[in-house]
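Colleague: Going down the list, the sequences are from chains B and U. Just so you know, we're using my numbering here: the first sequence kicks off at 88 and counts up by one. Just so you know, we're using my numbering here: the second sequence kicks off at 88 and counts up by one. For each residue, glycine too, the CB sits at the ideal point set by N, CA and C. Being a predicted model, the structure only gives us computed values, none of them experimental.
2 protein chains.
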Amino acid sequence: MPVGTNATVKSMSPDEMKGLGAEILLSNTYHLYLRPGHEIIRQVGGLHRFMKWNGPLLTDSGGFQVFSLSPLRKISDGGVTFRSHLDGSTHFLTPELVMEIQGALGSDIAMVFDECTPYPATREYALNSLRLTTDWAGRCLKARKDQGRTQALFGIVQGGMYRDLRRQSAEELIEMDFDGYAIGGLSVGEPKGLMHETVNYTVPLLPEDKPRYLMGVGDLMDVLEAVAAGVDMFDCVMPTRNARNGTLFTGRGRISIKREEFRSDPAPLDPDCGCYTCRNFSRAYLRHLFMSREILSMRLNTLHNLHFYLEFFRKMRRAIEQGRFSSFRKAQTPVLRNNFNE
Amino acid sequence: MPVGTNATVKSMSPDEMKGLGAEILLSNTYHLYLRPGHEIIRQVGGLHRFMKWNGPLLTDSGGFQVFSLSPLRKISDGGVTFRSHLDGSTHFLTPELVMEIQGALGSDIAMVFDECTPYPATREYALNSLRLTTDWAGRCLKARKDQGRTQALFGIVQGGMYRDLRRQSAEELIEMDFDGYAIGGLSVGEPKGLMHETVNYTVPLLPEDKPRYLMGVGDLMDVLEAVAAGVDMFDCVMPTRNARNGTLFTGRGRISIKREEFRSDPAPLDPDCGCYTCRNFSRAYLRHLFMSREILSMRLNTLHNLHFYLEFFRKMRRAIEQGRFSSFRKAQTPVLRNNFNE
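(1) In three-state terms, what does DSSP make of threonine 337 of chain B?
(2) Following the continuous alpha helix (DSSP H) through valine 167 of chain U, name the residue where it begins and the one where it ends.
(3) Hey, serine 369 of chain B and alanine 354 of chain B: beta-carbon distance below 8 Å or not?
(4) Throw me the rounded Cβ distance for the alanine 257 of chain U and threonine 237 of chain U pair, which I believe falls under 8 Å.
(5) Is it true that the CB of arginine 254 of chain B sits closer than 8 Å to the CB of leucine 292 of chain B?
(6) Would isoleucine 407 of chain B be called buried (16 or more neighbouring beta carbons within 10 Å of its own) or exposed?
(7) Thinking C-alpha only, which one of U:Asp266, U:Ser379, U:Gln409 and U:Thr221 is nearest tyrosine 300 of chain U?
(8) Quick check on DSSP: helix, strand or coil for glycine 276 of chain U?
(9) On the CB-based measure, 16 or more other CB atoms within 10 Å of its CB, does aspartate 233 of chain U come out buried or exposed?
(10) Three or more beta-carbon pairs under 8 Å between the region 325 to 338 of chain U and the region 271 to 291 of chain U, yes or no?
(11) Using three-state DSSP, classify arginine 299 of chain U as helix, strand or coil.
(12) Relative to the C-alpha of arginine 366 of chain B, which residue among B:Leu387, B:Ile111, B:Phe349 and B:Phe377 is closest?
(13) Could one say the Cβ of histidine 135 of chain U lies closer than 8 Å to chain B's Cβ atoms, at least one of them?
(14) By the 10 Å Cβ neighbour count, where 16 or more other Cβ atoms means buried, how is aspartate 147 of chain B classified, buried or exposed?
(15) Along chain U, in chain order, which residues have C-beta atoms closer than 8 Å to that of proline 353 of chain B?
(16) Under a CB-based cut-off of 8 Å, is proline 123 of chain U close to chain B?
(17) State whether the region 306 to 319 of chain U contacts the region 206 to 214 of chain U, with contact taken as three or more CB pairs (one from each stretch) at a distance under 8 Å.
(18) In the DSSP assignment, find the unbroken alpha helix (DSSP H) run with alanine 197 of chain U in it and report its ends.
(19) Comparing C-alpha positions only, which one of B:Gly150, B:Ile127, B:Cys362 and B:Ala197 sits nearest to threonine 220 of chain B?
(20) Give the DSSP-derived three-state secondary structure of valine 131 of chain U in the structure shown.
(21) Is alanine 371 of chain B close to chain U, meaning its C-beta is less than 8 Å from at least one C-beta of that chain?
(22) With 9 Å as the C-beta to C-beta threshold (strictly closer), list the residues of the region 393 to 406 of chain U near chain B in chain order.
(23) For arginine 160 of chain U, report the span of its alpha helix (DSSP H) as first-last.
(24) Does the contact criterion of 3 or more C-beta pairs under 8 Å hold for the region 105 to 113 of chain U versus the region 135 to 142 of chain U?
(25) Does any residue of chain B bring its CB to less than 8 Å from the CB of histidine 391 of chain U?
(26) Using DSSP with H/G/I as helix, E/B as strand and the rest coil, what is methionine 248 of chain B?
(27) Taking only beta-carbon positions, decide if phenylalanine 169 of chain U is within less than 8 Å of chain B.
(28) Taking the beta carbon of serine 176 of chain U as the centre, do at least 16 other beta carbons fall within 10 Å, making it buried, or is it exposed?
(29) Can you confirm whether glutamate 382 of chain B, when its beta carbon is compared against all beta carbons of chain U, has any partner nearer than 8 Å?
(30) In chain order, what residues of the same chain lie with their CB nearer than 7 Å to the CB of histidine 125 of chain B, ignoring the 5 residues before and after it?
(31) Could you tell me if aspartate 309 of chain B is buried or exposed, where buried requires 16 or more neighbouring beta carbons within 10 angstroms of its beta carbon?
(32) Along the chain, where does the beta strand (DSSP E) containing glycine 410 of chain U start, and where does it finish?
(33) Can you tell which of U:Gly165, U:Val153, U:Phe241 and U:Leu184 has its C-alpha closest to the C-alpha of proline 294 of chain U?
(34) Distance cutoff 8 Å, beta carbons only. Does alanine 313 of chain B sit that close to anything in chain U?
(35) If you draw a straight line from the C-alpha of asparagine 428 of chain B to the C-alpha of threonine 92 of chain U, how long is it?
(36) Is there a Cβ from chain B that is less than 8 Å from the Cβ of histidine 283 of chain U?
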């Protein structure tokens, strides 16, 4: 899922997202609650209409943003008090309010309000965070019913890096019967090996017949690992944020477009790529736009990186359908290594 | 002519410019000389190919930018020494170099290197500036021949606000036989009335069978006046720059999209407008994008303002062709007043 934080995938129009073959977008409850406010989006007919996207939308619950963006976060059993990163104003989010907001937005898939365990965290912290997340997940389910919503609702497995806590979290959530299950609290600073271990351990705990979603992971090496483990869904700002910083993913490895060597290079960014950017523009032009801080630079770069990602996912799905995922994995590994190794 | 300073109409793709019906773009010699450098654009096949625009291009000569952007400007008979507004480096532009640069860019219409008279200016200053401009115009003509170019070349009438100097400038340039004639040195801070007077006086001095181009004027009230006087061509950053600042031109007057009143307004920006922005998005969404400083805000706003301008010019041309310009002028005046009055 490409990320459309403020009801827009940064620099892209909804028509372009459709043209790229994006099938579902993610948007951020935390951001839209603060600006423009969910009541406004409700008034103008919901998020799909607001941003003119008629495909599916998933909204996250704000739990991760409260954790990563707010300069203050005070957690109680009732909910979380936090400060807006925009104007410093104080807010109190509860599972019920988060469901109300996601209902007003009218996303197709809502996420439960969770408490994202930092890394590292003591067992005691992780256990308390898990206890809260389970409790809030129940309140979200109840709120969906009380509010008369029909949105799909996904639970989020927490438990930090503790296997038994991951298991406990998964079991408690499965008991409540969600429409899908996410793995939260990863890609928060832990070593890669530990992330893979946790994914490999957690995925088999989740029902095979419901979507399994690894939140916030977008390094395609990690994605490949996670898909091998059975993960079905991902979201990440990596393609879009990197694009705006001039970092581009190609079939021949990662390129920093600002490099001197591209100054008068007439070749396309990636000669094997069929995206609008590669079909029309030279590296020299893309470098010039980037150096001149032109808006078109962000557009063309974003378009290319999203094409790279979405093509990768399309190819991977086809490989899975045709029963040749492991040869796909083997063939893609060197390409991904050239793009995603630090 | 929409302005594509750095080889891009800010925020727009060339396909979108084509879709808007733009027939010719202007690009800035001064900017492209400094970055990426005309030699690089020559190496990758010229400006059309570089920016992927296959319609006509006009390049200005840099005379105005040296005057308006450089922190230092030292004029001699040979040329102008100036400092780059990008890195403070010192450069020396001559008529010959300016023709070399425009030749490397490969624009369809080149402009002579002129010395833009400031406002106010003494008669003595204006006369010297005129003398230089005429001299440099001759050197540009000669350089075009010596360099074996086939670009169209336009002369630029200077003379400040002095009628006899405007006449002298026009006569000297006509004698040299350019492909078109521009009126320079206007919209540099003089009162509107004085600009109109100077245009009204100068246009009839220029040949009717060659294009007459009023440089840098884009307030459509002024444009209407100038067209009545016989001007054929214009360029201005007004539609694009205003768009990025959230100022939008509509059939019902100018709108500042950040205004509180649009917070939950589901209506399109201009209900009578057929552009992509107005066909798809609400004022509430446009306000939200602007307040969130989203790139899509600049895109959608620019698209709308350019559509407004290009539609206006299309309608005006049709009115002229059908011999009903004065009724067009009368009918448009109240709309323009609501958009362009301070």
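Modeller: Straight from the coordinates:
(1) Against the first sequence, residue 337 of chain B aligns to sequence position 250. In the structure shown, threonine 337 of chain B sits in coil (DSSP, three-state: anything other than H, G, I, E or B).
(2) Residue 167 of chain U sits at position 80 when you count from the first residue of the second sequence. Per DSSP, valine 167 of chain U belongs to no alpha helix (DSSP H); it is in the beta strand (DSSP E), 167 to 170.
(3) Along the first sequence, one-based indexing puts residue 369 of chain B at 282. Along the first sequence, one-based indexing puts residue 354 of chain B at 267. With contacts defined by Cβ atoms closer than 8 Å, serine 369 of chain B and alanine 354 of chain B form a contacting pair.
(4) Residue 257 of chain U sits at position 170 when you count from the first residue of the second sequence. Residue 237 of chain U sits at position 150 when you count from the first residue of the second sequence. At roughly 25 Å, the Cβ-Cβ gap does not stay under 8 Å, so alanine 257 of chain U and threonine 237 of chain U are not in contact.
(5) For the purposes of this step, residue 292 of chain B is identified with residue 205 of the first sequence, where counting begins at 1. For the purposes of this step, residue 254 of chain B is identified with residue 167 of the first sequence, where counting begins at 1. Result yes, Cβ atoms of leucine 292 of chain B and arginine 254 of chain B sit closer than 8 Å.
(6) Reading the first sequence from its first residue, position 320 is the one you call residue 407 of chain B. Flag for isoleucine 407 of chain B reads exposed.
(7) Here residue 300 of chain U refers to the residue found at position 213 when the second sequence is read from its first residue. Closest option to tyrosine 300 of chain U, Cα to Cα, is U:Asp266.
(8) As a working mapping, residue 276 of chain U is identified with position 189 in the second sequence. Note: glycine 276 of chain U maps to coil in three-state DSSP.
(9) Translated into positions along the second sequence, residue 233 of chain U becomes position 146. By the 10 Å Cβ count, aspartate 233 of chain U comes out exposed.
(10) no
(11) To locate residue 299 of chain U, count along the second sequence from 1; it is residue 212. If DSSP states are grouped into helix, strand and coil, arginine 299 of chain U belongs with the strands.
(12) Along the first sequence, one-based indexing puts residue 366 of chain B at 279. Out of B:Leu387, B:Ile111, B:Phe349 and B:Phe377, B:Leu387 has the C-alpha closest to the C-alpha of arginine 366 of chain B.
(13) Sequence index remark: in the second sequence, residue 135 of chain U carries index 48 (1-based). At a cut-off of 8 Å between C-beta atoms, histidine 135 of chain U does not count as an interface residue with respect to chain B.
(14) Numbered from 1 along the first sequence, position 60 holds the residue referred to as residue 147 of chain B. So aspartate 147 of chain B ends up on the buried side.
(15) Indexing the first sequence from 1 puts residue 353 of chain B at position 266. Chain U residues near proline 353 of chain B: Gln130, Val131 and Gly132.
(16) As a working mapping, residue 123 of chain U is identified with position 36 in the second sequence. Chain B contact via Cβ: present.
(17) At 8 Å Cβ cutoff, the stretches do not touch.
(18) Numbered from 1 along the second sequence, position 110 holds the residue referred to as residue 197 of chain U. Taken as a continuous stretch (DSSP letters only), alanine 197 of chain U belongs to no alpha helix (DSSP H), being part of the beta strand (DSSP E) at 196 to 198.
(19) Stepping through the first sequence from its first residue, residue 220 of chain B is reached at position 133. Considering only alpha carbons, the answer is B:Gly150.
(20) Residue mapping note: residue 131 of chain U aligns to position 44 of the second sequence, counting from 1. Three-state result, valine 131 of chain U: coil.
(21) Residue 371 of chain B sits at position 284 when you count from the first residue of the first sequence. At least one chain U Cβ lies under 8 Å of alanine 371 of chain B.
(22) Flagged: no residues at all.
(23) The count along the second sequence starts at 1 and reaches residue 160 of chain U at position 73. Element bounds for arginine 160 of chain U: not the alpha helix (DSSP H) but the beta strand (DSSP E), 160 to 162.
(24) yes
(25) Along the second sequence, read from residue 1 onward, the residue named residue 391 of chain U stands at position 304. Output row for histidine 391 of chain U: interface = no.
(26) As a first step, residue 248 of chain B must be located in the first sequence, where it is residue number 161. The three-state secondary structure of methionine 248 of chain B, taken from DSSP, is coil.
(27) Here residue 169 of chain U is taken as the residue at index 82 of the second sequence, counted from 1. By this cut-off, phenylalanine 169 of chain U is not an interface position.
(28) Within the second sequence, residue 176 of chain U is the residue found at index 89, counting from 1. Burial call: exposed.
(29) Within the first sequence, numbered from 1, the residue matching residue 382 of chain B stands at position 295. Checking the displayed sequence, the identity of residue 382 of chain B turns out to be isoleucine instead of glutamate. Yes - at least one Cβ of chain U is within 8 Å of the one on isoleucine 382 of chain B.
(30) Taking the first residue of the first sequence as 1, we reach residue 125 of chain B at position 38. Leu119, Ile188, Ala191 and Leu192.
(31) What you label residue 309 of chain B is simply residue 222 of the first sequence in a count that begins at 1. Looking at its Cβ environment, which holds 16 or more other Cβ atoms inside 10 Å, aspartate 309 of chain B is buried.
(32) Here the question's residue 410 of chain U lines up with position 323 in the second sequence. No beta strand (DSSP E) contains glycine 410 of chain U, which DSSP labels as neither H nor E.
(33) Your numbering for residue 294 of chain U matches position 207 in the second sequence. Considering only alpha carbons, the answer is U:Phe241.
(34) Within the first sequence, the letter at position 226 stands for residue 313 of chain B. Look at alanine 313 of chain B: its C-beta is not under 8 Å from any C-beta on chain U.
(35) As a first step, residue 428 of chain B is located in the first sequence; it is residue number 341 there, counting from the start. As a first step, residue 92 of chain U is located in the second sequence; it is residue number 5 there, counting from the start. Computed Cα separation, rounded: 38 Å.
(36) The count along the second sequence starts at 1 and reaches residue 283 of chain U at position 196. For histidine 283 of chain U, the closest Cβ of chain B is not nearer than 8 Å.
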